[in-house]
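A short write-up of the structure that comes next.
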Amino acid sequence: MTQLLVDLGRKYSSAEFEELDLPDDNRYELIGGNIVMAPSAGDEHNTIGGKLFSTMWVYSSTQKAGKVWYETDFVLDPENTRRPDIAFVVAERVPPISKGAVKVVPDLAIEIWSDSDLDTQKHRQDARAKIQLYQDKGVRLIWAINPRSQTVYIYHSDTTDNPSELQIGDELDGENLISGFMLSLKTLFEIE
Numbered sequence: 003m004t005q006l007l008v009d010l011g012r013k014y015s016s017a018e019f020e021e022l023d024l025p026d027d028n029r030y031e032l033i034g035g036n037i038v039m040a041p042s043a044g045d046e047h048n049t050i051g052g053k054l055f056s057t058m059w060v061y062s063s064t065q066k067a068g069k070v071w072y073e074t075d076f077v078l079d080p081e082n083t084r085r086p087d088i089a090f091v092v093a094e095r096v097p098p099i100s101k102g103a104v105k106v107v108p109d110l111a112i113e114i115w116s117d118s119d120l121d122t123q124k125h126r127q128d129a130r131a132k133i134q135l136y137q138d139k140g141v142r143l144i145w146a147i148n149p150r151s152q153t154v155y156i157y158h159s160d161t162t163d164n165p166s167e168l169q170i171g172d173e174l175d176g177e178n179l180i181s182g183f184m185l186s187l188k189t190l191f192e193i194e
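Dropping the structure here:
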């Protein structure tokens, strides 16, 4: 990568963002052309994410349904490179492996909300704006996981402000994207 001086006062394209040599100890995303640092995820977040990723990876690999990514940048458009906690692309749309960001919009994006995503009205608005961006860019299915309430909100590309809400007795369903994939919320939220 080319080392560039980062000017947080200017806007960057997704291509420029990918070329920046940003510190590895922080997570950065490109939001509307602005470089934004996201806080590191904690233990609970990574435990839930790891469990979901590994379950999805095994299932999608054996079924040849597509590919699953964990904490990987996706170029959503020229001004937005976002990092879903977990993303899935159906088999016929999986791009070749690259050294940089994935250059297709995921079919499924999963966000695991941390306490900091929910602690203020501004943070809740930012979390909802990320969901809205996914919807606007054509992500077909979005799972927003709330460990605090042990619920999952299901958004589709045509869902506005009324997502489906799954409770602890319900199951995540891969719908027509990962056909046959099911995972109970009870299993998902069991923290060892």
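Quick note, the sequence shown lines up with residues 3 to 194 if you use the numbering used here. Even glycine gets a Cβ: it sits at the ideal position worked out from N, Cα and C.
Whole-Å CB distance - residue i paired with residue j, under 8 Å assumed
i: Leu54; j: Ile112; result: 7 Å
i: Phe19; j: Ile37; result: 7 Å
i: Arg84; j: Glu73; result: Going by Cβ atoms, the distance from Arg84 to Glu73 rounds to 11 Å, so no, they are not a contact pair.
For residue i, the three-state DSSP class (helix, strand or coil)
i: Asn48; result: helix
i: Phe90; result: strand
i: Tyr155; result: strand
i: Leu143; result: strand
i: Thr83; result: strand
i: Arg150; result: coil
i: Leu185; result: strand
i: Arg12; result: coil
i: Leu54; result: helix
i: Ala43; result: coil
i: Gln5; result: Its pLDDT being 46, under 50, Gln5 is placed unreliably by the model, and the measurement read from it follows with that caveat. Here Gln5 sits in coil by DSSP.
Residues of its chain near residue i, where Cβ-Cβ distance is below 8 Å and the 5 sequence neighbours each way are ignored
i: Lys139; result: Leu78, Asp79, Asn82 and Val107
i: His47; result: Asp87, Ile114, Ser116 and Pro149
i: Arg95; result: Gly68, Val106 and Asp109
i: Ala93; result: Lys66, Ala67, Gly68 and Lys69
Candidates the options, of which the one nearest residue i by Cα
i: Tyr136; options: Phe76, Gly68 and Glu94; result: Phe76
i: Asp172; options: Thr189, Pro165, Lys13 and Asp9; result: Thr189
i: Ile39; options: Val92, Asp45, Asp128 and Ala93; result: The sequence shown places Met at residue 39, not Ile. Closest option to Met39, Cα to Cα, is Asp128.
i: Leu120; options: Glu192, Ala146 and Leu187; result: Ala146
i: Ile133; options: Ser118, Ile37 and Ile156; result: Ile156
i: Ser151; options: Gln65, Gln169, Arg29 and Pro165; result: Gln169
i: Ala17; options: Gly35, Arg29 and Lys66; result: Gly35
i: Glu177; options: Thr122, Phe90, Arg130 and Ala131; result: Phe90
i: Leu179; options: Ser62, Thr57 and Glu192; result: Ser62
i: Asp163; options: Arg130, Glu192 and Ser100; result: Arg130
i: Ile50; options: Ser181, Ser166 and Val154; result: Val154
i: Leu187; options: Lys101, Ile99 and Thr57; result: Thr57
i: Thr64; options: Pro165, Glu192 and Gly182; result: Gly182
i: Ala103; options: Glu167, Pro165 and Glu31; result: Glu31
Contact set for residue i: own chain, Cβ-Cβ below 7 Å, skip 5 residues either direction
i: Ser159; result: Gln137, Gly140, Val141 and Arg142
i: Trp59; result: Val70
i: Lys105; result: Val77 and Pro97
i: Gly44; result: Ser116
Close beta carbons around residue i, own chain, < 6 Å, minus the five adjacent residues each side
i: Leu174; result: Leu185
i: Arg29; result: Ala40
i: Thr161; result: none
- Message: Restricting to runs no shorter than 3 residues, where is the beta strand (DSSP E) found entirely within the region 101–138?
- Response: 110–114
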